[in-house]
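Number of protein chains: 2
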Amino acid sequence: MPDKELRLQRAGMRTSRPVMLAIAGDSAAGKTTLTKGLVQALGKERVSAVCVDDYHRYDREERKGLPFTPLHPDCNYMEIMAQHLQLLATGQPILKPVYDHSSGQLVRPELVEPREFVIIEGLLPLHNKLLRACFDVAVYLDPPEDVRIGWKLARDTSKRGYSEEQVRAELARREPESAEHIRTQKPHADIVVRFAPIAGRDSPGTPLSAELLLRPTIRHPDLSAALSSSHHSPMHLKMLRDEDGRPVDALHIHGYVDRPDTAALEEAIWEELDLHMPLPSDLGDTGSGVRSEPLAITQLLLLRHMLMAA
Amino acid sequence: MPDKELRLQRAGMRTSRPVMLAIAGDSAAGKTTLTKGLVQALGKERVSAVCVDDYHRYDREERKGLPFTPLHPDCNYMEIMAQHLQLLATGQPILKPVYDHSSGQLVRPELVEPREFVIIEGLLPLHNKLLRACFDVAVYLDPPEDVRIGWKLARDTSKRGYSEEQVRAELARREPESAEHIRTQKPHADIVVRFAPIAGRDSPGTPLSAELLLRPTIRHPDLSAALSSSHHSPMHLKMLRDEDGRPVDALHIHGYVDRPDTAALEEAIWEELDLHMPLPSDLGDTGSGVRSEPLAITQLLLLRHMLMAA
Numbered sequence: 001m002p003d004k005e006l007r008l009q010r011a012g013m014r015t016s017r018p019v020m021l022a023i024a025g026d027s028a029a030g031k032t033t034l035t036k037g038l039v040q041a042l043g044k045e046r047v048s049a050v051c052v053d054d055y056h057r058y059d060r061e062e063r064k065g066l067p068f069t070p071l072h073p074d075c076n077y078m079e080i081m082a083q084h085l086q087l088l089a090t091g092q093p094i095l096k097p098v099y100d101h102s103s104g105q106l107v108r109p110e111l112v113e114p115r116e117f118v119i120i121e122g123l124l125p126l127h128n129k130l131l132r133a134c135f136d137v138a139v140y141l142d143p144p145e146d147v148r149i150g151w152k153l154a155r156d157t158s159k160r161g162y163s164e165e166q167v168r169a170e171l172a173r174r175e176p177e178s179a180e181h182i183r184t185q186k187p188h189a190d191i192v193v194r195f196a197p198i199a200g201r202d203s204p205g206t207p208l209s210a211e212l213l214l215r216p217t218i219r220h221p222d223l224s225a226a227l228s229s230s231h232h233s234p235m236h237l238k239m240l241r242d243e244d245g246r247p248v249d250a251l252h253i254h255g256y257v258d259r260p261d262t263a264a265l266e267e268a269i270w271e272e273l274d275l276h277m278p279l280p281s282d283l284g285d286t287g288s289g290v291r292s293e294p295l296a297i298t299q300l301l302l303l304r305h306m307l308m309a310a
Numbered sequence: 311m312p313d314k315e316l317r318l319q320r321a322g323m324r325t326s327r328p329v330m331l332a333i334a335g336d337s338a339a340g341k342t343t344l345t346k347g348l349v350q351a352l353g354k355e356r357v358s359a360v361c362v363d364d365y366h367r368y369d370r371e372e373r374k375g376l377p378f379t380p381l382h383p384d385c386n387y388m389e390i391m392a393q394h395l396q397l398l399a400t401g402q403p404i405l406k407p408v409y410d411h412s413s414g415q416l417v418r419p420e421l422v423e424p425r426e427f428v429i430i431e432g433l434l435p436l437h438n439k440l441l442r443a444c445f446d447v448a449v450y451l452d453p454p455e456d457v458r459i460g461w462k463l464a465r466d467t468s469k470r471g472y473s474e475e476q477v478r479a480e481l482a483r484r485e486p487e488s489a490e491h492i493r494t495q496k497p498h499a500d501i502v503v504r505f506a507p508i509a510g511r512d513s514p515g516t517p518l519s520a521e522l523l524l525r526p527t528i529r530h531p532d533l534s535a536a537l538s539s540s541h542h543s544p545m546h547l548k549m550l551r552d553e554d555g556r557p558v559d560a561l562h563i564h565g566y567v568d569r570p571d572t573a574a575l576e577e578a579i580w581e582e583l584d585l586h587m588p589l590p591s592d593l594g595d596t597g598s599g600v601r602s603e604p605l606a607i608t609q610l611l612l613l614r615h616m617l618m619a620a
């Protein structure tokens with residue numbers, strides 16, 4: 001059998017490549033809520049959503065004897081994760097490992113075929129260069145720790161059967177690895193999203209405000225005409241210095257902003273899209289029944305980037 | 311994040327590529343016995359042996375409602391199998407699915423990292439072009455059906471807990487798919503190996519004879535000087551017409567040949583190898599305790615091809 005090299009190359013050739021979006025962040029940072037609205041707006045049949053927290057090297061029993069938590073790269077098949085993201089990015093299917101969060105066991109893998117859009121969410125999707133190379137747009141979710149802890153307590157005590165003490169002990173145990181491996185992904189995102197209350201401004205029930213760092217690593221829409229730069233406006237765009245000292249745009253949407261007020265901003269985000277797709281109207285669902293304008297705008301901006309990349 | 315294309319290409323670059331050997335054949339055709347001697351001769355630390363019968367799409371329970379047996383390509387993740395072979399062939403690790411033959415369930419996948427030599431054995435490794443493109447040397451094991459049925463009965467009733475009736479019923483059920491999907495791989499092998507008794511020539515306990523079709527798709531050693539072409543010699547080399555009418559060499563080693571008689575043939579197979587590796591002496595183990603010269607010569611020839619490709 002001659003020409004193995006050529007045959008291998010030919011065999012690997014595919015043409016249609018999906019748009020790849022990363023949503024990275026710590027446990028209970030809001031990844032699933034953000035993803036849900038995107039899937040709904042694009043349509044389930046156009047999106048493959050994959051959680052990369054399934055690439056555990058060890059099951060719960062095996063981890064008991066090990067010196068690290070599931071947040072640690074050594075606790076995960078990072079090389080296989082990168083390989084699978086590369087395969088998806090080049091339009092190929094994968095047989096994805098599956099970690100059963102209820103039993104703590106590694107179970108039968110599942111076939112994932114990339115659709116037009118692939119959303120990869122999880123703890124470590126931006127952890128190294130090989131992983132980051134796969135994405136068209138990379139998002140890091142960065143809520144203040146007290147907000148995240150509140151979300152984690154609410155979820156893990158209601159849906160995962162843990163006590164508050166157990167959740168707090170696990171958070172403490174994970175903190176050093178969170179600092180070292182999760183939060184260090186933040187500088188590698190194109191967009192950093194921070195949902196947070198604004199001290200002294202929020203009445204009970206007000207959705208959280210959003211601050212979005214729009215880094216120049218991808219081309220963002222020009223929002224300067226649609227928005228004031230005044231702190232007093234419920235939505236504003238300000239230039240800041242990023243953590244590395246470089247200039248960056250920061251988009252603020254306060255939680256109390258009303259829907260009609262966001263129309264101009266929505267138009268500014270959407271107008272460049274030469275599509276017959278109307279502006280999606282069902283964004284901003286936090287799961288609480290109240291529409292969050294900050295979440296809706298965040299999702300709209302991500303949709304824009306995904307559609308522009310397509 | 312610009313230059314996604316370039317970054318993906320770079321991420322996929324690796325240099326060291328293993329030698330890939332395929333051993334295809336029906337259930338109980340002798341694949342594992344052949345593989346064992348190769349692994350032993352090369353050394354476990356230099357070989358990754360992978361069985362591709364683990365790429366089942368359905369577990370035993372799910373198959374009950376389906377119109378095909380595990381031999382059918384539709385019953386297997388053929389595209390993932392090809393992808394994984396391509397990854398191994400380019401020196402990359404895979405997370406291989408695992409089918410538990412005792413429980414009939416699909417379980418936790420396992421990491422396989424390609425060593426210097428990769429031996430892929432199973433029912434369907436030569437089933438399509440993408441698969442075949444991955445191999446340096448491809449072997450098809452082709453014992454006469456009565457020999458194979460004897461082997462299958464012996465193994466499945468002793469080691470797998472089935473009754474003779476169950477094994478015969480399963481063989482009957484599989485026969486149409488065996489004809490359509492397994493035996494059709496034979497024309498795609500570089501070497502076809504047939505272990506069989508010779509009518510009227512074998513006393514009880516004589517190892518089976520081997521007939522090896524040496525197709526010109528790879529460069530075989532020149533054995534014509536070391537061997538007679540007479541049918542009456544216990545080892546001979548004859549030109550035949552292959553099933554497609556093309557000329558092909560057929561190497562016969564009779565089961566009753568003595569070890570000293572094979573020395574010249576062994577030298578002819580081995581001499582071109584400019585290695586400091588001595589001729590391996592522990593080949594030909596059929597598991598019965600009796601050394602089989604035909605098996606030993608077959609393994610030696612395959613070793614030669616693997617070492618030449620390295």
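From first to last, the protein sequence lines stand for chains P and X.
Numbering of the first sequence is given in my numbering, commencing with residue 1 and proceeding in unit increments.
Numbering of the second sequence is given in my numbering, commencing with residue 311 and proceeding in unit increments.
Idealized CB from N, CA, C, for every residue including glycine.
Please determine, among X:Q396, X:D364, X:D369, X:E426, the residue with the shortest C-alpha to C-alpha distance to K406 of chain X.
X:D364
When burial is assigned at 16 or more other CB atoms within 10 Å of the CB, is Q476 of chain X buried or exposed?
exposed
Cβ of E389 of chain X less than 8 Å from any chain P Cβ?
yes
Going by CA-CA distance only, name the one from P:L130, P:V147, P:T90 that's closest to S332 of chain P.
Outside the shown range of chain P, which is 1 to 310, sits residue 332 of chain P, and nothing can be said about it.
List the residues of chain P whose Cβ lies closer than 8 Å to the Cβ of L610 of chain X, in chain order.
Going along chain P, no residue has its Cβ under 8 Å from L610 of chain X, so there is no contact; the nearest lies around 21 Å.
I'd like to know whether the C-beta atoms of I314 of chain P and A49 of chain P end up nearer to each other than 8 Å.
Within the shown structure, residues of chain P are numbered from 1 to 310, placing residue 314 of chain P beyond reach of any answer.
Taking the beta carbon of A133 of chain P as the centre, do at least 16 other beta carbons fall within 10 Å, making it buried, or is it exposed?
So A133 of chain P counts as buried.
Helix, strand or coil for V257 of chain P per DSSP?
coil
Looking at C-alpha atoms only, which residue of X:I579, X:S598, X:C361 is the closest neighbour of T342 of chain X?
Each of X:I579, X:S598, X:C361 was checked against the Cα of T342 of chain X, and the nearest Cα belongs to X:C361.
If you pair each beta-carbon of the stretch 178–188 of chain P with each one of the stretch 218–226 of chain P, do three or more pairs fall below 8 Å?
no
Between the C-alpha atoms of G30 of chain P and L141 of chain P, what's the straight-line distance to the nearest angstrom?
Taking the straight line from one Cα to the other gives about 7 Å.
Run the CB neighbour count on D156 of chain P, radius 10 Å, all protein chains shown included, and call it buried at 16 or more, exposed below.
Buried: at least 16 other Cβ atoms inside 10 Å.
With DSSP run on the structure shown, which of helix, strand or coil describes M1 of chain P?
Note that M1 of chain P scores 40 on pLDDT, short of 50, meaning its location in the model is unreliable; the coordinates nonetheless yield the value given after this. In the structure shown, M1 of chain P sits in coil (DSSP, three-state: anything other than H, G, I, E or B).
Measuring straight from C-alpha to C-alpha, what distance separates M616 of chain X and I191 of chain P?
51 Å
Hey, could you find the ends of the alpha helix (DSSP H) L130 of chain P is sitting in?
Counted as a single uninterrupted DSSP element, the alpha helix (DSSP H) harbouring L130 of chain P occupies residues 129–132.
Can you give me the start and stop residues for the alpha helix (DSSP H) that K31 of chain P sits inside?
Note, K31 of chain P: alpha helix (DSSP H), 31–42.
Quick one: which residues of the stretch 88–113 of chain P get their C-beta closer than 7 Å to a C-beta of chain X? List them in chain order.
A89, T90, Q92, P93, L95, P97, L106, V107, R108, P109, L111
Along chain P, in chain order, which residues have C-beta atoms closer than 8 Å to that of Q350 of chain X?
Those within 8 Å of Q350 of chain X in chain P number zero; the least Cβ separation is about 26 Å.
Which full runs of the beta strand (DSSP E) of 3+ residues lie inside the stretch 124–198 of chain P, going along the chain?
You should have 137–141, 191–196.
Can a CB atom of chain X be found closer than 8 Å to the CB of Q83 of chain P?
yes
List the endpoints of the continuous alpha helix (DSSP H) containing L300 of chain P.
293–309
Which residues in the same chain as A619 of chain X place their Cβ atom closer than 8 Å to its Cβ, once the five residues preceding and following it in sequence are excluded?
V329, D446, V447
One question on the structure: do A250 of chain P and K238 of chain P come within less than 8 Å of each other, judged by their Cβ atoms?
yes
Given a threshold of 16 other Cβ atoms within 10 Å of its Cβ, counted over all protein chains shown, does M545 of chain X qualify as buried or as exposed?
buried
So, at 7 Å on beta carbons, what are the nonlocal neighbours of L130 of chain P in its own chain, with the 5 sequence-adjacent residues on each side left out?
A82
Is the beta carbon of R304 of chain P less than 8 Å from the beta carbon of I253 of chain P?
no
Tell me whether M587 of chain X is buried or exposed, calling it buried when 16 or more other Cβ atoms sit within 10 Å of its Cβ.
exposed
Tell me whether P73 of chain P sits in a helix, a strand or coil according to DSSP, three-state version.
helix
Short check: CB of R57 of chain P to CB of C75 of chain P, under 8 Å?
Between R57 of chain P and C75 of chain P, the gap from beta carbon to beta carbon is short of 8 Å.
With a threshold of 7 Å (Cβ to nearest heavy atom), would M330 of chain X be considered close to the ligand SAM?
Absent from the structure shown: the ligand SAM. Ligands present: none.
Figure out for me which residue from X:L398, X:I404, X:L537, X:H382 has the closest Cα to the Cα of M339 of chain P.
Outside the displayed span of chain P (1 to 310) sits residue 339 of chain P, for which this structure offers no information.
According to DSSP, is V248 of chain P part of a helix, a strand, or is it coil?
strand
Determine the burial state of V193 of chain P: buried for a count of at least 16 other Cβ atoms within 10 Å of its Cβ, exposed for fewer.
buried
Which term fits R569 of chain X, buried or exposed, when burial requires 16 or more other beta carbons within 10 angstroms of its beta carbon?
exposed
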